[in-house]
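To start, the structure under review is shown below, and the notes come after it.
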Amino acid sequence: MTAPNITTVVASAGAGKTTRIVGNIATEVTSRDPETIVATTFTVKAADELIERSRAKLFELGMPDKAARLLGARFGTVNAICGQIVSENAIALGRSPRAEVIPEGSVPRIFAIAADAAIERHAPTLNSLADVMGFFEPKRAADAERSDWRTTVRRLIELARANGVPAQDLSVSAERSVATFLELLPPVSIQSSDDLDADLRRAVSSAVDAVPAESSATAKSHIALLRQTDSSIRRGERISWPNWARLSKVSCAKKDGQAFIDALEAVAQAAGRHPAHPRLREDCSQFIRSVFACAAEALTAFQAYKAERGLLDFTDQEALALDVLHDPAMSAGLGERIGRLFVDEFQDSSPLQVAIFTAMSGLVDASTWVGDPKQAIYGFRNADSALTQAAFAGVAASSSEPQDVLATSYRSREGIINLVNAAFEPALSAMGLQAEEHAFSGTGRSEEGFTQAPLAVWWLEGKLELQYAALAAQIREMVTADQPWEVAARPKGVRALRAGDIAILCRSKADIAKVSAALSQQGVKAAVEREGLAQTPHVQLVMAAFRWVADPTDRLALAELARFFAEDPESETWLEALGAENASEALLAIVPISAALQEIREGILSLTPADLVDAIILFPELNRHIESWGDVPARLDDLEALRGFARSYEESCAGEGSPATPSGLALALAAENPARPRSLRDDAVKVMTYHGAKGLEWPVVILTGLGKEPKPRLFEPMAEADGDVDWQNPLTGRWIRYWPWPYASQEKDVYLDASAPSSALGQQAAIRSRDEEARLLYVGMTRARDHLVFAPPAKGTLHWLKVLDGDETEHFGLPCTAGEEIRAGTKSFPARTITLVCGEGVEAQPPAVSFGRITRPTGQRAPLHRRPSGASSGETFIIVEKSTIGPRLPFAGNPDMTLLGEAVHAIIAADQPHNPHDARLNQAQAILNRWGVHQVAAKDVLGANDRLFAEISKRWPSGRIHRETPVSARIGDQLVTGRIDLLVEHGSGFAIIDHKSFPGSPDSWDARAVGHGSQLQLYADALDKARLGAPCELFIHMPIVGGFLRINRKVE
Amino acid sequence: MKLIFGLSCDGPSFPDFPGRSEGVFNAAVVGPQGLIEMLEVQLGLTAPRVAHAVRVSSYAAKLRAALATAPDLFFAQSLTLDPWATAASLLDWRDELIAGGWSGSHIGAARLDAFAVAEEAGPPLAPGIGDRTRTLCEAVKVRAGLPLASIELVEPRDLLPPLWQRLIDKLEGSGVEISHAPACATSANDLGHVQAFLADGSPSTLTGDGSFAIVHADTALAAAEAAAEWLSHCSEAELHGTVIVSADGDTALLDRALQARGLPALGLSASSPWRGALQVLPLAFAASWGPFNAKAMLDLLMLPRPPIARRAARKLAYALSREPGTGGPAWLAAWGNIESDLAERMSTEPQEKRDAKLAAWRQWTSGELYQRHEGMPAEAAKSIASRVAQWALETNAGNADPLLLTLVGAAQALVQAIDVLNIEMLSPLLLGRMTDQVLADGAQNPNHVATSGGLRAVRHPGAVWGDAKNVLWWDFNGPGERVSSSPWTAAEVAALKANGCEIESPAAITARIGWSNANAVHRAGERVILFSPALSAGEETTSHPLAHQLNPLTTPAKDIIQWPAEQLLHGPSHELAGRGILREAITPNLLPAQRPRWSLPASVIAKLEDRVESATSLEHLADCHMRWLLLDVLRLSGGRVAEIPGTSQLLGNLAHELANRVFPPGPVPDPEAVFSQANDLFDELLSAIATPLQQPEYAGELASARVKVPAALAQLARLLQAMDVTVIGTEIERARTFVDGPDVKGRIDMLIEHPAHGTGVIDLKWSRSAKTRRNELAEGRSIQLVTYGAIANSNSTTPAPGAFYMLNQRQLIGLSGSFLAEESVESDHSLPDTWSNLASTWQAWRDLAREGIAVATGADGAEAHIPADLPIEPGTEPCRYCELTALCRVGVEAN
Ligand code: SF4
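Protein chains in written order, with our numbering: chain A, 6 to 1057; chain B, 22 to 916.
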């Protein structure tokens, strides 16, 4: 096998890599089948942009057929492309061909179901260990995550799969985790576990006895702890490790008396020996081993469960795609279909993904891997920057061509790229990235029209809330007042800043919420994803109506509707209604839409839950009421999200094989309380995380959270790799490390807090996290087009900026006062520096008036289609002729009349009386056979048809016969379409003949015949439109009984 | 007969019918399905229709039979794993081969020959559209003088798939005249430029004359508003000749916006298996698997039209939501209730009739349960499906309700498919797949139909076959139609070709797709408007392939042809694609606001008299006056939308019930006996009142409860023994009237008697942590405990001492000094203090209410209205767990 032909392209931020890939694709299609191109990107949006631009380019270049064929190429996220490969090979892989991707939200539930036996088996051990490790202690903060060993098991499984560690090898990882964990602890105590326990028990018991009658405030909580511990000891329970840690920190005030002070000292000393406690080692080792063992079993069970059902999660798509790539037969098949590979955002690949790209590169003629090692920020999602960086280097080294570098920014102004170049030099070189490849070489942006330097520093004073309030006030000032914040205009020059030009980047969801709250207090619109969709008034109004439609006994919903529809925001009418003799009726009376909602309820059985949501959202009066609250676009965004939730609820029901019901939807919404969507409005300030900003750009970018301290991830599962990274075999030497944290919320002074970070693995982790933080900051700073604003807190260390030091010190500094400059190494950069202090609150502004549809009367419209078969009207029909044209057909046995009718009708429709009798008989018999009708003889049916034809030629000797002929017409505003069984077109008009396989006796014919009158009349009316004024007679032919009747509209 | 044939013309197409007059006969527009049916009728080739599920079932049987002779066929493993999905996709492959002209015999390629094996094995397979078309090709050859004069093709002939090309060739050979639908005229405006660009790539600059516009909207809701507004500014006459392309075939959203303006509805409705009436089928199966699935049963009972009488269903649902299981007291009581109810209602009918009715109902709720790992016997599955069909038929009772008829059809198809499949035990996966399949097309909304007027809609851009004035493309977003990748390798395609089977190339398919996308634009005479929402049903959308193609023209002209839909919200008049759109200013309304103080109408005040409080109502009262008034005095409730209690509540219920059983009145039983008895009873009670815990995803919780609950009860026995008390009873009802205090009624978890200290109350709790209860005691707010204490003895002046027994922690927590407190909590508030505080708090609030004032204590500014010196102040966060926040407007998003 020849070495794969891979080219790497290092594309710095905003350096036009999409343009580059589009150009390459345009060249490629001239020499190869467009369908064989594969292009992977990081997001659906990016893939969409890439295919749109590529196809547009081909159309522009006059290659419409190539452009059309490019639709058949593989453009998508890594997962989408792997998913496609897997589903193409599902049967070859021996899996269910139904390759359904599990929605991210459903994974935990499906895992819980699949892994139930494994979890049940390990639950007793793990629950009791988790108990002593304080996993079940109450949460300290509302947003703190609960430790749940099942989450750890799931994470271990995810990592194992992303790193290609098979289930049977997890025990190796377990042993290595145990060994490295035990190294973090001090030498084990020479005292036995029981002795150490007994010491502490004694000390606690004496301390409880020594509790002073009047205790100090300091002592209060410690005394409570002692008492609790004492009674749990008496119950024979073990003292949990967090409580050991807490007991090692007990103290009191002088006034509690020396005896108590001494007693506490003894407790602290006895408890303080917990790091060396033999049982701590046992507990933790056993916990690690059990968690891994459970993970191994659960992994096997989870995979089997999914394989059987054809379910896939994202990792499965990749792992199975790799199986395909490694299988000679399957990969050969794939090799036929792909010829050229483009990988975008290569730096964010996981080891598994690198393995996929490497294997795929072996199948194609050429590969291009585009990425930027400086922007690798998805370590927490299994990306491995060391590996991707090694791959870049390795490919470059093996190629004779110089590494391809896109280093001109088409995004940022010169001042920004100069700052970035200077600021990141040490950090990048600490990562092993050389300036010559990674510094910007220049910018394509012009300075024309700008009066201000692109950099600014805003020091924010006060507590966090006040900082953000000050920031928000400043932004309001920027967009309302006439401040010099010009931004680039299209096609050239500058224009004034608008709110939609600004992005505020935050470190956490909590910060986003605070910033957006501060902005909305200032009346600045913010486009931000935040919590609480179900708590917005418009969603609550819609859901109150929804609930009441779904369940008429829901009086609470009705009361809510009454409140929403009251004119006065503080109206008490709802309360009065609730107190009334018949509360439900009184409530109905004050809810103006109750009757209309009742009408919706009538049709609820034909609606799906999501349909019902739509019906209510668009219900005119309710809709208008929401519009009357102003700020309509934001409300529409939320309502659209509600529609999306309803649909995903239905989908998740489908995935779980459970039914979807309105009550189920209402409960799911309450239980999940989805987020309010990030608005796509372009008149709002964007607030988002640094990670979320990846791939985007704005004229003004404001960086917050600069005080955040990088924390290595030590006590959660992590993938580790042995020795030097081998990018060509990215999955070798990988193992999963998991160190448990046995002290719950006790984070300081427990020994482990100091020993772990200083261990070898701990230090590696620290470097990893420092580098990742540096890259995240790089991503943040390079989002800015025209202005980059640092918004640090005025007090405290700017820990995050310290990552810029790399292996140096004091490399980067922000100016403290106006006039100073930003300093990076030996260079300095002018910046507008101010300190922002939160001022007085601002008046809430009245919402702007919205405009809505002009109210018009809405009459009822009739259905568009008038169906002849369903026609019924007030008209009555009479029999004007009645004759018997033949005998009753003999039946053998008891036929199913519906089938018989169909078969007889089919014979008459197809029979050609002038054909040889044999042929006719064969055809008729074949029809009877297909319909499974044996009770009537083919020849008898043909006889009936012969008689019909005799009748026709007698009546209309030169008539043209049309069998089963379609007819359509517009009658008034309605449409008629249908098929006439037999139409005779004769000199003076038409005869419509309808076959009815009616077996009744002659006295029942009349009633049956006139029953079809309006249907035939409708055909006649349609014919009248086709040929104006032509007379038309209506006949019913009853082949089974030989009846032939003419009917007519009764003229009153 | 003259036909117009287009690949996408099976559904609605535009114009309505051929010709320029108001009516036509002996002529029609048909799609593939329509053409085949037409020819089959004429040629005598009709046959009964077979549900797709039955075809899949037959094919699964054929594949199985094939494997019996040749066990190594390439699909062996997949078929064993997931027979249904495997058969369904292999059937698709097989049908593609047939369409290509495959003869069904061996051609020396392994995978293809496996299909040949299947073709000959097992039961016969009903013909698919490919088989039928090929039969027609043969039949046409030998038939002279077809009653078909001509066919006008909508698609260019060379773009038709091979199968259709062949049929058209054959028809032409037997004398049918084949022609091509004429192109439409173009003009020299933007639309003309766009059409020219699409036709041959000739570049031009758009001017924004309104003949071509793209409406961008953030949301589908806003896009619908814009489309409806544009249409509502057309006269009725202008609507004629206007066609909406709705590629996903669902205009429900748009139609609601149209109807709000009195415009005609388009009436395209998506099929969905989730329509209320169809749910009975999957639910009936879900409720037949063990362990008993309370949630599925509840869903079945809560359907808008449940399979048993609604009154009975609601009773059972209520029981199930309290005690999710069968055999528990609530369930049995509900059945008793139903029986007596029925006896009353059908008092004149004979007993047998009532019994039959009850038996029929019980079939739905108490049928046999089958274990998932064993599967369900085919007969049992058929009888469930038949029961559903039967019920739907009876319920429909001649009304021809289309949904119920769909359900009947689906259930019958399921029975038939099970028969054809011929497997004895059906796995849950297989049955689930089969049910999905028979409901797959689901039903469209029968009430959602097009209404009269000039407006039309089509489901596919290729379905516009003649001149239209205005073409509006609704939901103009990606992915659009795409090629799915072919399963065949190059070698297989070559082998097939050598044997006369032609598999269409992806290039040919993409060319056809490109043609039909452009077609919709070419057919417009006056105007094209594309409506493109950025979010549709909450999902970010991608761009349509036609947008890619238009990009070189539209990107430079962005500012003049793109129109943001949200603009409509901001002013009274707008110019959009040749229409002046007028809007009216909406009179602003203020949002309902929170307020701390409300006045009560006399009718509410009247309800304050003769009240009996409970521990819960007093707890509500202590937290929030308003909550008590609304929930307890006015009995405002959230309806019967039942929710099965969560895990910890179920575990609590289970533990309570266990305690009830293992602590009979009398001396405290031996801890060991308590332990083993609780252990033994655990599973029985689990399936009687807490079945959701048996569902696999709760394995972890259940495993720990199995260990903890019996141990906790044994520990309680130990503690009680050590205290030397006897049990008076568990779950004891007590009521008492207090002078200057409320009338109270309640049910006490456990009452005990101590020789010296007298009566004591024990309240059992199951929760993650004991913290809340400790705090309650410390702060003198343990309302429940003190209430039970107060009513424990009808004659004592002070409440009986009480303690919480925390089952999860095995701690008996009480105030220090109490004989019950194994674990004591220090507090400045004794229980008697707390009780008298509670009584006076109650009094203060009641008096305030009598004066006609209600205070929502969680609302801003409530402090000013709370009575001074209230002994028990409202909670610090009263609204946190309150279900009334939407009503009070507290803790909700401001905007
Ligand atoms: S929401 Fe708050 S204020 Fe309203 S009743 Fe509930 S607790 Fe009281």
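From the three backbone atoms N, C-alpha and C, an ideal C-beta is built for every residue, glycine too. Since we're looking at a predicted model, the values are computed, not measured.
task: Check the Cβ-Cβ distances between E302 (chain A) and every residue of chain B, and say whether any is below 8 Å.
output: By this cut-off, E302 (chain A) is not an interface position.
query: chain B partners of W936 (chain A), CB-CB under 9 Å?
result: Chain-order list of chain B residues neighbouring W936 (chain A): T67, A68, P69, by C-beta distance under 9 Å.
query: Which bits of chain B does D619 (chain A) rub up against, with CB to CB less than 8 Å?
result: Going along chain B in sequence order, the residues near D619 (chain A) (Cβ under 8 Å) are A273, L274, R277.
query: Mind pulling the alpha helix (DSSP H) runs of 4 or more residues that sit fully within the region 97-170 of chain B?
result: Counting only runs that start and end inside the region 97-170 of chain B, the alpha helix (DSSP H) elements of at least 4 residues fall at 97-102, 104-121, 131-141, 150-163.
Alpha carbon of M771 (chain B) to alpha carbon of G384 (chain A), nearest angstrom: Taking the straight line from one Cα to the other gives about 55 Å.
task: State the start and end residues of the unbroken beta strand (DSSP E) segment that holds V876 (chain B).
output: V876 (chain B): member of the beta strand (DSSP E) spanning 874-876, first to last residue.
Given S387 (chain B) as reference, the closest of B:L714, B:A305, B:E561 once Cα atoms are compared: Nearest C-alpha to S387 (chain B) among B:L714, B:A305, B:E561: B:A305.
query: Does DSSP classify S293 (chain B) as helix, strand or coil?
result: Assigned with DSSP and collapsed to three states, S293 (chain B) falls in strand.
- prompt: When the distance is taken between beta carbons, is E93 (chain A) closer than 8 Å to S110 (chain B)?
  reply: For S110 (chain B) and E93 (chain A), no; Cβs fall outside 8 Å.
query: Is the region 1025-1038 of chain A touching the region 42-59 of chain B in the sense that three or more CB pairs, one from each, lie closer than 8 Å?
result: These segments touch.
task: Could you tell me whether any Cβ in chain A is nearer than 8 Å to the Cβ of S42 (chain B)?
output: Closer than 8 Å to some Cβ of chain A, the Cβ of S42 (chain B) qualifies, so yes.
- prompt: Does the beta carbon of G99 (chain A) come closer than 8 Å to any beta carbon on chain B?
  reply: G99 (chain A) counts as touching chain B.
- prompt: Candidates A:G77, A:D642, A:C257, A:I26: which alpha carbon is nearest E502 (chain B)'s?
  reply: Comparing Cα positions, the closest option is A:G77.
field: Contacting residues, own chain, Cβ-Cβ under 7 Å from G873 (chain B) (five flanking each side not counted)
entry: So the list reads S620, L621, I626, once near-sequence residues are dropped.
query: Using DSSP with H/G/I as helix, E/B as strand and the rest coil, what is I631 (chain A)?
result: In this structure, DSSP gives I631 (chain A) a helical state, which the three-state scheme calls helix.
query: Name the DSSP bridge partner or partners of V348 (chain A)?
result: According to DSSP, V348 (chain A) bridges with A:T45, A:W374.
message: I want to know whether the region 463-478 of chain B touches the region 178-192 of chain B - three or more CB-CB distances under 8 Å.
response: At 8 Å Cβ cutoff, the stretches do not touch.
query: Taking 8 Å as the CB-CB limit, is D978 (chain A) close to chain B?
result: With respect to chain B, the C-beta atom of D978 (chain A) has a partner C-beta closer than 8 Å.
task: Keeping to the same chain, check which residues put their C-beta closer than 6 Å to that of Y826 (chain B); ignore five residues upstream and five downstream.
output: Annotation for Y826 (chain B): L737, I783, L785, L833 place their beta carbon closer than 6 Å to its own, counting only its chain and skipping 5 residues before and after.
message: Could you check if R4 (chain B) belongs to the surroundings of the ligand SF4, using beta carbon to heavy atom distance under 7 Å?
response: Absent from the model: residue 4 (chain B). The displayed extent of chain B is 22 to 916, so no value can be given.
task: Name, in chain order, the residues that DSSP records as bridge partners for L368 (chain A).
output: According to DSSP, which records beta bridges pairwise, L368 (chain A) is partnered with nothing at all.
message: Taking the straight line between their C-alpha atoms, what separation do you get for L623 (chain A) and D70 (chain A)?
response: Going by the C-alpha atoms only, they are around 42 Å apart.
- prompt: Cβ atoms of I25 (chain B) and E198 (chain B): under 8 Å apart, would you say?
  reply: No, the pair does not count as a contact, with Cβ atoms beyond the cut-off.
- prompt: Does the ligand SF4 have a heavy atom nearer than 7 Å to the CB of R648 (chain B)?
  reply: Flag set: Cβ of R648 (chain B) near the ligand SF4.
task: With distances taken Cα to Cα, identify the nearest neighbour of I524 (chain B) among B:D37, B:N358, B:W105, B:W114.
output: Checking every option, the nearest Cα to that of I524 (chain B) belongs to B:W114.
- request: Please list, in chain order, all residues of the same chain as M6 (chain A) whose beta carbon is under 8 Å from its beta carbon, the five residues on each side excluded.
  value: For M6 (chain A), the predicted structure reports a pLDDT of 47, less than 50, and the residue's modelled location is therefore unreliable. A value from the coordinates is still provided. Only G367 meet the Cβ criterion.
message: Contact criterion: CB-CB distance below 8 Å. Does R166 (chain A) meet it with respect to chain B?
response: No - not a single Cβ of chain B is within 8 Å of the one on R166 (chain A).
C-alpha gap between A217 (chain B) and V236 (chain B), whole angstroms: The straight-line gap from Cα to Cα measures roughly 21 Å.
field: Local conformation of D148 (chain A) per DSSP, three classes
entry: Summary for D148 (chain A): the model assigns pLDDT 48, below 50, so the residue's position carries little reliability; its value from the coordinates is reported in the next sentence. Note: D148 (chain A) maps to coil in three-state DSSP.
query: Roughly how far, in whole angstroms, is the beta-carbon of A275 (chain A) from the beta-carbon of A208 (chain A), given that I think they are within contact range, below 8 Å?
result: Cβ atoms of A275 (chain A) and A208 (chain A) come within 8 Å of each other, at about 4 Å.
- prompt: Is the beta carbon of F95 (chain B) sitting closer than 8 Å to the one on T107 (chain B)?
  reply: Not a contact, by the Cβ cut-off of 8 Å.
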